[in-house]
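Enquirer: Below you'll find the structure I mean.
Protein chains: 2
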Amino acid sequence: MTTSTRETEITADPDLPLVRITREFDAPPEKVFRAHADPELVVQWLGPHATQTRIDRFDCRTGGSYRYVSILEGVEYGFFGCFHEVRPGELIVQTFTYEDEPDGVALERMVFEDLGDGRTRLTSTSLVDSLEGRDAMMASGMDVGIREGYERLDELLAH
Amino acid sequence: MTTSTRETEITADPDLPLVRITREFDAPPEKVFRAHADPELVVQWLGPHATQTRIDRFDCRTGGSYRYVSILEGVEYGFFGCFHEVRPGELIVQTFTYEDEPDGVALERMVFEDLGDGRTRLTSTSLVDSLEGRDAMMASGMDVGIREGYERLDELLAH
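Here the protein sequences line up with chains A and B, keeping their order.
For the first sequence, the positions run 7 to 165 when our numbering is used.
For the second sequence, the positions run 7 to 165 when our numbering is used.
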């Protein structure tokens, strides 16, 4: 057990079309990274509590790509992208598109920072090509999915 | 022959960390697209006049990836990225890193627009994560490489 708070901070950059998400986990960087890189683990925590995830492809290495479907109350939502660079235990840079908005693309960067004592700070940034896109991201309700997903990830990391 | 100008416009967005490049070509979209997608054609025009290009991998399809080396006066410069989405004859969305600046990543979008009469307008945008990065891109001398590369592409398309 730990006394650390597990608060997810989600902030829009004031000047850039960028959203920044910060969260700490009670597990070392290698373990938090693996939960993001291994599709058998990803399906166990990604998305809100009520979501099921089906992975079509998920090749988390530099130059790989992914596609998955989130299933919520019987409705399927598709997402795809490519992995620009993957440094195990340290960094994932990937692209991201929600298929119902096929011309929207985000460039995402996840940095896994070792806090010592078996703890990790994960900082994710999501860069889009307009300030309206940034504001739409903040207003989309994605924060619920992210917060609940990280609660599920806490559970997975505790085992 | 044609009377069209072949001017390359390169502009920094005033508000976004984004550079926009526009150029017209005297060839239809399918042919201009193919010159960007087929590695045997890409090596014939990419970069300034004095450059040679060696391709390590170049799999221009949705979820593919690339790495190539530009050789200028005996010095090798490496570049890599992944292809987020490729719509033949229409669109390429890819990431881009210059390996001497390994933490810098650009999200690039190339739109091939049919102008009729066998002509194409190519609009490329390059999105980075800071306004300083945008300004550094504008100041990097990359405009010479782009303008000269497009002159070489004109030659290739004329055959």
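All C-beta atoms in this analysis are idealised placements derived from N, C-alpha and C, irrespective of residue type, glycine included.
Quick check for students: name the residue ranges of the beta strand (DSSP E) that lie wholly in the region 47–126 of chain B, counting only runs of 3 or more.
Expert: 58–64, 71–78, 81–93, 97–104, 112–122
Enquirer: Just to confirm the assignment, what range does the alpha helix (DSSP H) spanning Arg153(B) have?
Expert: 148–164
Enquirer: Got a sec: which bits of the region 123–136 of chain A sit with their beta carbon under 9 Å from any beta carbon on chain B, in order along the chain?
Expert: Shown in chain order are the members of the region 123–136 of chain A whose Cβ falls below 9 Å from a Cβ of chain B: Thr131, Leu133, Val134, Asp135, Ser136.
Enquirer: Using C-beta distances below 7 Å, list every residue in its chain close to Arg63(A), excluding the 5 sequence neighbours before and after it, in chain order.
Expert: Ser71, Tyr72, Arg73
Enquirer: At a cut of 8 Å, does the region 29–47 of chain A reach the region 26–46 of chain B through at least three beta carbon pairs?
Expert: Contact annotation: the region 29–47 of chain A does not touch the region 26–46 of chain B, with fewer than three C-beta pairs closer than 8 Å.
Enquirer: Mind checking who Val40(A) pairs with in its DSSP beta bridge?
Expert: The question names Val, yet the displayed sequence has Arg at residue 40(A). Partner(s): none; Arg40(A) has no beta bridge.
Enquirer: Between the C-alpha atoms of Thr28(B) and Glu105(A), what's the straight-line distance to the nearest angstrom?
Expert: 27 Å
Enquirer: With DSSP as the reference, please indicate the residues paired to Ala18(B) in a beta bridge.
Expert: Val25(B)
Enquirer: Does DSSP classify Glu13(B) as helix, strand or coil?
Expert: coil
Enquirer: Can you give the Cα-Cα distance for Met148(B) and Phe102(B), rounded to whole angstroms?
Expert: 14 Å
Enquirer: Should the region 77–92 of chain B be called in touch with the region 47–58 of chain B, which here means at least 3 C-beta pairs below 8 Å?
Expert: yes
Enquirer: Can you tell me whether Asp135(B) is buried or exposed, with buried defined as 16 or more other CB within 10 angstroms of its CB?
Expert: Residue environment: Asp135(B) is assigned as buried (16 or more neighbouring CB atoms within 10 Å of its CB, all protein chains considered).
Enquirer: Using a C-beta cutoff of 8 Å, does Thr9(B) count as contacting chain A?
Expert: Only weak support is given to the placement of Thr9(B): the predicted model assigns it a pLDDT of 49, under 50, and the value that follows is read from those uncertain coordinates. So, not an interface residue.
Enquirer: Could you check if Ala145(A) is buried or exposed, using at least 16 other CB atoms within 10 Å of its CB as the buried criterion?
Expert: exposed
Enquirer: May I have the straight-line CA-CA distance separating Glu107(B) from Gln50(A), to the nearest angstrom?
Expert: 35 Å
Enquirer: For Val99(A), I'd like the list of residues in its chain whose CB is within less than 6 Å of its CB, leaving aside the five on either flank, ordered along the chain.
Expert: His90, Glu91, Arg115
Enquirer: Is the shortest distance between the beta-carbon of Val99(A) and the beta-carbons of chain B less than 8 Å?
Expert: Under the Cβ distance rule, Val99(A) counts among the residues neighbouring chain B, one pair being separated by less than 8 Å.
Enquirer: Please compile the residues from chain B whose C-beta is within a distance smaller than 8 Å of the C-beta of Phe89(A).
Expert: Cys88
Enquirer: Who are the neighbours of Val111(B) on chain A, taking C-beta pairs under 8 Å?
Expert: Those within 8 Å of Val111(B) in chain A are His90, Glu91, Val99, Leu113, Arg115.
Enquirer: What does Gly139(A) touch in chain B if you count any residue whose Cβ is under 9 Å from its own?
Expert: Residues of chain B passing the Cβ test: none, with the nearest at roughly 10 Å.
Enquirer: Does the separation of the CB atoms of Leu133(A) and Leu113(A) fall below 8 Å?
Expert: yes
Enquirer: Relative to chain A, which residues along the region 64–85 of chain B have a C-beta separation below 7 Å, given in chain order?
Expert: Across the region 64–85 of chain B, CB contacts with chain A closer than 7 Å involve Gly69, Ser71, in sequence order along the chain.
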